[in-house]
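Step one of this worksheet: look at the structure below.
4 protein chains.
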Amino acid sequence: MYRMIIEPRVSETDGVGHINNTTIPIWFEAARNPLFKLFTPDSSFEKWRMIIINMNVDYLQQIYFGRDVEVFTWVKKIGNTSLQLYEEIHQDTRVCAKGTVTYVNFNLQTQKSEPIPDEIRRELELHYLQIES
Amino acid sequence: MYRMIIEPRVSETDGVGHINNTTIPIWFEAARNPLFKLFTPDSSFEKWRMIIINMNVDYLQQIYFGRDVEVFTWVKKIGNTSLQLYEEIHQDTRVCAKGTVTYVNFNLQTQKSEPIPDEIRRELELHYLQIES
Amino acid sequence: MYRMIIEPRVSETDGVGHINNTTIPIWFEAARNPLFKLFTPDSSFEKWRMIIINMNVDYLQQIYFGRDVEVFTWVKKIGNTSLQLYEEIHQDTRVCAKGTVTYVNFNLQTQKSEPIPDEIRRELELHYLQIES
Amino acid sequence: MYRMIIEPRVSETDGVGHINNTTIPIWFEAARNPLFKLFTPDSSFEKWRMIIINMNVDYLQQIYFGRDVEVFTWVKKIGNTSLQLYEEIHQDTRVCAKGTVTYVNFNLQTQKSEPIPDEIRRELELHYLQIES
């Protein structure tokens, strides 16, 4: 499991008074930084690998400005060329949003997906989602 | 069907050189403005009604800066208190992203969901998704 | 003068109930698209030219969700390698924000600024700011 | 001086390959959270106080994805009802952006600016900008 603490920004709220729903995918993506680094160790976009193909988010509770949130990222499934993550955002011990996202290990030069290398696979396996209750 | 033309912004791209995935929910939400107006005719946030509960997005094709996109919004399902939309983003005749989103007609004062009024329901029915091919 | 109509998005508001101040630079940049195209006709980031060096914004009036805004862009000063723009955002006949921004015509390959070509200069001169009242 | 560490997000980059210029005001605002809390201790938007009236940013160096940035906030000037801050963003020991921002202590109910209370003034004075070199 990866874990990132995020301090909500005023610009991430909306007129209803809570964090806007479009901020949630931004926070989830922010918390994937260690995974991006795994596929592209020098963080260069020329060698970028992780291309998103699906995102699903459940909005469970309103999130408020003024208190930190925690974003948790688990590996849900490792395919041949694809990777599925399960993610949660917590605030004040409540699960406020949860989602899954699917990426493919993509070679931008050849415009083709490629198998996930074994050394990355082994690292990812350390972050597997255990039994969900 | 609702339709909005959007001109991509430099700030909506990312280092990989295309529109960032987190921009897609922002564009989909932008194109829901006529629906928000249906539920809150004066656009005041005190009387806001539409609260998101789920979002699912398929990323099909890269979207580029420099050419307009079209965002299409159809009504997929009208429940008692909930509303499901089906949405697509097109660029250069290609479908680049598609998704569904579910909202609930929520009363922020009572913090309870309420039935969708008949006059809104009738308007929504004019935008039903027909047979998808 | 360049002019762009923008329809405010819910995600661009904040908890105070108006458009968040960080949205203003985003809208100003959006309205510079015709200028970016002048320097990079095919909109490719490899050939990108316009690099920002200063931005100054005066916030004059609150901007609200629910009504369109107009963004106006004038050329204020054309230097040898630099370009200064003057910009305004209007809503309901009120000037809500105004600002100046300075760009340099930068060659990303050589990492050096270059003179603004004459044909671009002539086009820019058509958009000069006249006497401000 | 206030100090915040920020980890750049992919969504904050642009096609040129660096952090987009519109991200800088967002980071500066993020780092003002302790100041917002000073004026609105419970972080509620109904009691919000700090309304921006001017922002000036110098872009000095490109900022890259993959390495943390530090945002520094100093109090530059405390007026009767207004507050001016001086801010810097550092990455890898380089000053990449600097700016000043002016806020007014505004009462949203009466729509009038009000004097900055003495206890806030005393706290702000602890963060005064010393001699700039």
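Chains as they are written, first to last, in our numbering: chain H, 8 to 140; chain D, 8 to 140; chain A, 8 to 140; chain P, 8 to 140. Every residue gets a Cβ at the ideal spot worked out from N, C-alpha and C, and that includes glycine.
Close-in-space but distant-in-sequence residues of the same chain around residue i (CB under 7 angstroms, 5 per side omitted)
i                      : result
residue 83 of chain A  : 91, 92, 93, 107 and 136
residue 120 of chain A : 88, 111, 112 and 113
residue 30 of chain P  : 19
residue 134 of chain D : 8, 9, 81 and 82
Residue span of the beta strand (DSSP E) that contains residue i, given as start and end
i                     : result
residue 54 of chain H : Run containing residue 54 of chain H: none; DSSP gives neither H nor E here.
residue 80 of chain H : 76-85
residue 45 of chain P : Where residue 45 of chain P is concerned, there is no enclosing beta strand (DSSP E), although the alpha helix (DSSP H) it sits in stretches over 40-46.
residue 26 of chain A : It is not in any beta strand (DSSP E) - residue 26 of chain A carries neither H nor E in the DSSP assignment.
residue 91 of chain P : 89-98
residue 11 of chain P : 9-13
First and last residue of the uninterrupted alpha helix (DSSP H) at residue i
i                      : result
residue 127 of chain P : 125-132
Which listed residue (the options) has its alpha carbon closest to that of residue i
i                      : options                     : result
residue 35 of chain A  : D/28, D/48, D/16 and D/32   : D/16
residue 86 of chain H  : H/132, H/114 and H/99       : H/132
residue 25 of chain P  : P/13, P/57 and P/71         : P/71
residue 59 of chain H  : H/67, H/111, H/52 and H/130 : H/111
residue 21 of chain P  : A/11, A/55, A/18 and A/45   : A/55
residue 129 of chain A : A/31, A/42, A/23 and A/14   : A/42
residue 33 of chain D  : D/104, D/49 and D/124       : D/104
residue 159 of chain D : H/48, H/39, H/23 and H/63   : The structure shown has nothing for residue 159 of chain D, since chain D only spans 8 to 140.
residue 4 of chain H   : P/126, P/74 and P/98        : Given that chain H is displayed from residue 8 to residue 140, the structure contains no residue 4 of chain H and the question cannot be resolved.
residue 18 of chain A  : H/27, H/66 and H/13         : H/27
residue 65 of chain D  : D/76, D/80 and D/96         : D/96
residue 80 of chain P  : P/40, P/29, P/125 and P/119 : P/40
residue 101 of chain A : A/9, A/13 and A/76          : A/76
residue 61 of chain H  : H/49, H/109 and H/67        : H/109
Per-residue DSSP class, three states only, for residue i
i                      : result
residue 109 of chain D : strand
residue 104 of chain H : strand
residue 70 of chain H  : coil
residue 19 of chain P  : helix
Residues sharing a beta bridge with residue i, DSSP
i                      : result
residue 114 of chain P : P/119
residue 59 of chain H  : H/110
Close Cβ partners of residue i (< 6 angstroms) along its chain, the five nearest in sequence each way excluded
i                      : result
residue 122 of chain A : 87 and 88
residue 11 of chain A  : 38 and 78
residue 63 of chain A  : 106 and 107
residue 69 of chain A  : 25
residue 127 of chain H : 45
residue 4 of chain A   : Given a span of 8 to 140 for chain A in the structure shown, any question on residue 4 of chain A remains unanswerable.
Cβ-based neighbour list, residue i, same chain, cut-off 8 angstroms, excluding 5 preceding and 5 following
i                      : result
residue 47 of chain A  : 54, 55, 56 and 57
residue 98 of chain P  : 68, 70, 71, 74, 75, 76 and 77
residue 118 of chain H : none
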